[in-house]
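According to the numbering used here, the sequence shown holds residues 3 to 182 in order.
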Amino acid sequence: MAQTHVDDASPSDEDGRAGTTRRGRVVVAAFGVVCLLLAGVCGVLLWQYRQASALESQQRDALAAARDTAMNLATVDHATAESDVRRVLAGATGEFHDDFASSAESFVSVVQDTEVTTVGQEADAAIESWDGDSGVVLVQVRSTVTNRVEPEEKSRVWRLRLTMDEVDGVYRTAALEYVA
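Shown next as structure tokens:
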């Protein structure tokens with residue numbers, strides 16, 4: 003009897019292994035595509051998060067600067083009027099700076115002559131509009147006022163619209179408008 007050599011692998015087994023190998027490659031390729039898509043989505047989400055964080059930080063800084071300006075305007079003492087004006091000017095830029103600086107001498111004179119003292123109590127602020135590195139902030143500040151003519155303390159509420167511009171990484175008041 004003649005023995006025939008039979009391969010362990012029959013043609014159907016080779017097709018099966020080839021199919022498994024092909025399926026394995028497809029699964030690996032699909033997994034790679036899914037990983038790339040997830041990495042892309044994560045990259046976009048990270049970029050959006052950083053943009054939102056930067057915007058929030060800018061607005062937070064502008065709100066703080068606007069509150070500071072309002073408190074500086076609402077806190078003036080006849081004994082320290084000149085340094086109070088310098089403090090306001092330090093947070094100012096542009097039109098507001100120029101206007102306030104040009105009237106500073108007469109402002110100090112009136113404050114000293116009438117012995118005015120105003121003390122800012124608290125300031126609330128909100129963004130009205132925002133465009134890049136500048137925006138408009140609404141501020142309401144409460145203060146108490148006394149002067150030589152009316153020595154009894156009176157409460158005042160000021161409502162202001164301040165345009166805040168970023169100058170050398172710091173927000174400064176570029177325009178100020180009193181709101182009724």
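In this text, a Cβ means the ideal position worked out from N, Cα and C, and glycines have one as well. In this text the structure is predicted, and so the values were computed from the model without any measurement.
Cutoff 8 Å; reference E124; Cβ partners in own chain excluding five residues on either side: Locating residue 124 in the sequence shown gives position 122, counting from the first residue. Closer than 8 Å at Cβ, skipping near neighbours: V143, R144.
C-alpha gap between C37 and T165, whole angstroms: Working through the sequence shown from its first residue, we reach residue 37 at position 35. Working through the sequence shown from its first residue, we reach residue 165 at position 163. Going by the C-alpha atoms only, they are around 46 Å apart.
Contact set for D135: own chain, Cβ-Cβ below 8 Å, skip 5 residues either direction: Within the sequence shown, the letter at position 133 stands for residue 135. Closer than 8 Å at the Cβ level, and outside the excluded window around D135, lie Q60, D167, E168.
Member of V159, R25, V151 whose CA lies at the smallest distance from the CA of V181: On the sequence shown, residue 181 is found 179 positions in, with the first residue counted as 1. Among V159, R25, V151, the Cα nearest to that of V181 belongs to V159.
8 Å CB neighbourhood of E130 in its chain, flanking five on each side removed: Looking up residue 130 in the sequence shown gives position 128. Hits under 8 Å: G137, V138, V139, L140, R163.
Secondary structure, alpha helix (DSSP H): runs of 4+ residues fully inside the segment 6-86: If you keep only unbroken alpha helix (DSSP H) runs of at least 4 residues inside the segment 6-86, you get 13-76.
Chain-order list of residues whose beta-carbon lies under 7 Å from that of E117 (same chain, five-residue window excluded): Here residue 117 refers to the residue found at position 115 of the sequence shown. Around E117: H80, N149, R150.
Buried versus exposed, by CB contacts within 10 Å (16 or more), A68: One-based indexing of the sequence shown puts residue 68 at position 66. A68 is buried by the Cβ-count criterion.
Contacting residues, own chain, Cβ-Cβ under 8 Å from M73 (five flanking each side not counted): The residue you call residue 73 lines up with position 71 of the sequence shown. Within the same chain, M73 has close Cβ partners G122, A125, V143.
Local conformation of A182 per DSSP, three classes: Locating residue 182 in the sequence shown gives position 180, where the first residue counts as 1. A182 falls in the coil class under three-state DSSP.
Whole runs of the beta strand (DSSP E) within the segment 123-181, excluding any shorter than 3 residues: 136-148, 156-169, 172-180
Supposed close pair V78, D70 - CB separation, criterion 8 Å: As a position in the sequence shown, residue 78 is number 76, starting the count at 1. As a position in the sequence shown, residue 70 is number 68, starting the count at 1. Between D70 and V78 the Cβ distance is about 14 Å, and since that is not below 8 Å, they are no contact.
Beta-carbon spacing of A103, L91 below 7 Å: One-based indexing of the sequence shown puts residue 103 at position 101. One-based indexing of the sequence shown puts residue 91 at position 89. In this structure, L91 lies closer than 7 Å to A103 by Cβ.
V118, enclosing alpha helix (DSSP H) - first and last residue: Translated into positions along the sequence shown, residue 118 becomes position 116. For V118, there is no enclosing alpha helix (DSSP H), as DSSP gives it neither H nor E.
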